[in-house]
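Since the structure comes first, as structure tokens, the remarks are kept for the end.
Numbering (the working numbering), first residue to last: 197 to 282.
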């Protein structure tokens, strides 16, 4: 991994914007604090292989709902195309 700090910053920025409550940000901040470089490399490799990473939402806490408009904004910000013509 060339620059772990930069990779962490991108992930934390994304998950921090996903919900108003910030649960995903807390989970990943704590996770990264407890990972050594080899474990972080494995984490990134798994994201690459699976094409994504776990995210949490709550049915009961409105601040942890993932809002459609938020997803659209993040997709635009990160250059992710959500709709594709078949």
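Note that beta-carbon positions come from the ideal geometry of N, C-alpha and C, so glycine has one too.
{"Query": "Whether residue 251 touches residue 214 by CB criterion (8 Å)", "Result": "yes"}
{"Query": "Three-way DSSP call (helix, strand, coil) for residue 216 in this model", "Result": "coil"}
{"Query": "Boundaries of the alpha helix (DSSP H) in which residue 267 is found, first to last residue", "Result": "264-274"}
{"Query": "First through last residue of the alpha helix (DSSP H) which encompasses residue 246", "Result": "233-246"}
{"Query": "Pair within 8 Å by beta-carbon distance, residue 260 and residue 266", "Result": "no"}
{"Query": "Cβ-based burial, residue 211 [other Cβ within 10 Å; buried from 16]", "Result": "buried"}
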